[in-house]
């Protein structure tokens, strides 16, 4: 962000928000797109490698038994993916097995 401020010749004492600096530069925050892309790629990686990630795949599919801890549940990794891509868990798992489908979903993230 500081480089954008240098380009626009904004002093460090000026009270200009980061959002305003991004608007002036015509840029957007890309961190969430990067997080979405990496989570989706990792899901595909886990689902395609049967023997290497067997335990991780079992955990993701929710087949772990036992008591859960006290308090409010954390936002799950899969819940993020379900809300971002508006798909069910089963649809995400089926899509993750096919590299072409995952590549198309990642391309749609970049175009947003």
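In full-length UniProt numbering, the protein residues as written are 1 to 112. Glycine residues also receive a C-beta, built at the ideal position from the N, C-alpha and C atoms.
Secondary structure of residue i, DSSP reduced to three states
{"i": "residue 8", "result": "coil"}
{"i": "residue 65", "result": "coil"}
{"i": "residue 13", "result": "coil"}
{"i": "residue 53", "result": "coil"}
{"i": "residue 94", "result": "helix"}
{"i": "residue 89", "result": "helix"}
{"i": "residue 44", "result": "helix"}
Buried or exposed (CB count within 10 angstroms, at least 16 for buried), residue i
{"i": "residue 66", "result": "exposed"}
{"i": "residue 44", "result": "buried"}
{"i": "residue 107", "result": "exposed"}
{"i": "residue 36", "result": "buried"}
{"i": "residue 105", "result": "buried"}
{"i": "residue 55", "result": "exposed"}
{"i": "residue 8", "result": "exposed"}
Rounded distance between the beta-carbons of residue j and residue i, thought under 8 Å
{"i": "residue 80", "j": "residue 39", "result": "7 Å"}
{"i": "residue 102", "j": "residue 33", "result": "Contact flag wrong, Cβ pair sits at about 15 Å."}
{"i": "residue 78", "j": "residue 89", "result": "6 Å"}
{"i": "residue 21", "j": "residue 5", "result": "6 Å"}
{"i": "residue 97", "j": "residue 47", "result": "5 Å"}
is_contact[residue i, chain C] using C-beta, thresh 8 Å
{"i": "residue 12", "result": "Going by chain labels, chain C is absent from the structure shown, which holds only one protein chain."}
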